[in-house]
Amino acid sequence: MQNLPLVRLAIGGSALAAAECVFEQALEYAKGRQAFGQPIGKLQHNRFLLAELATKLALARVFTDRAVAEHVAGRLTGEEAAMVKWWNTELCARVADRAVQLHGGYGYMREYRSPGRSSTLGYRRSTAEPPR
Numbered sequence: 002m003q004n005l006p007l008v009r010l011a012i013g014g015s016a017l018a019a020a021e022c023v024f025e026q027a028l029e030y031a032k033g034r035q036a037f038g039q040p041i042g043k044l045q046h047n048r049f050l051l052a053e054l055a056t057k058l059a060l061a062r063v064f065t066d067r068a069v070a071e072h073v074a075g076r077l078t079g080e081e082a083a084m085v086k087w088w089n090t091e092l093c094a095r096v097a098d099r100a101v102q103l104h105g106g107y108g109y110m111r112e113y114r115s116p117g118r119s120s121t122l123g124y125r126r127s128t129a130e131p132p133r
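Each number in the working numbering comes from the position in the sequence shown (counting from 1) with 1 added on.
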């Protein structure tokens with residue numbers, strides 16, 4: 002049980018890395034996909050969506066980095082590690098879901114590299130949520 006905070010921190014860090022990767026894929030897709038004569042990343046709703054996700058990811062990165070520093074200093078509590086794990090796995094789920102929505106129908110097609118087809122979705126569901 003004494004390693005539990007470290008395990009939680011590792012899961013949280015992995016979830017954050019996965020969320021950042023999915024976000025970058027969605028951002029690239031939004032820059033390249035054209036609709037209504039412009040990239041879909043220029044549409045107001047999508048710009049707000051991408052800005053919101055980028056903000057949440059930046060905050061999660063700061064939170065995770067602080068928790069890592071606390072662990073290195075020997076001060077990380079189980080509660081703080083649990084918060085990092087919970088926040089980052091939930092964020093990973095949120096980012097993946099929004100990215101699939103941004104991709105539209107392509108988010109589920111085999112022909113496209115998209116969040117709906119990535120292993121990230123299985124990862125976050127197996128670590129963040131109990132099976133339903």
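All C-beta atoms, glycine included, are put in the ideal place defined by N, C-alpha and C.
For the alpha helix (DSSP H) that contains residue i, what are its first and last residues?
i       : result
Gly-105 : Taken as a continuous stretch (DSSP letters only), Gly-105 belongs to no alpha helix (DSSP H), as it is neither H nor E.
Leu-60  : 45-73
Arg-9   : 5-33
Pick out whichever of the options has its Cα sitting closest to the Cα of residue i.
i       : options                           : result
Ala-19  : Gln-102, Thr-78 and Arg-95        : Arg-95
Trp-87  : Asn-4, Ile-12 and Arg-99          : Ile-12
Phe-64  : Glu-81, Gln-26, Tyr-30 and Arg-48 : Glu-81
Glu-53  : Leu-77, Gly-33, Arg-99 and Tyr-30 : Arg-99
Gly-105 : Leu-10, Leu-7 and Ile-41          : Ile-41
Pro-6   : Thr-78, Ala-55 and Lys-43         : Thr-78
Thr-56  : Val-101, Gly-14, Phe-24 and Val-8 : Phe-24
Using beta-carbon positions only, say whether residue i and residue j come within less than 7 Å of one another.
i      : j      : result
Ala-16 : Thr-90 : yes
Leu-58 : Glu-21 : yes
Leu-92 : Ala-27 : no
Leu-10 : Ala-68 : yes
Please classify residue i as buried or exposed, where buried requires at least 16 neighbouring CB atoms within 10 angstroms.
i      : result
Ala-74 : exposed
Ala-49 : In the sequence as presented, Ala is not what sits at residue 49; that position holds Phe. Flag for Phe-49 reads exposed.
Asn-4  : exposed
Val-8  : exposed
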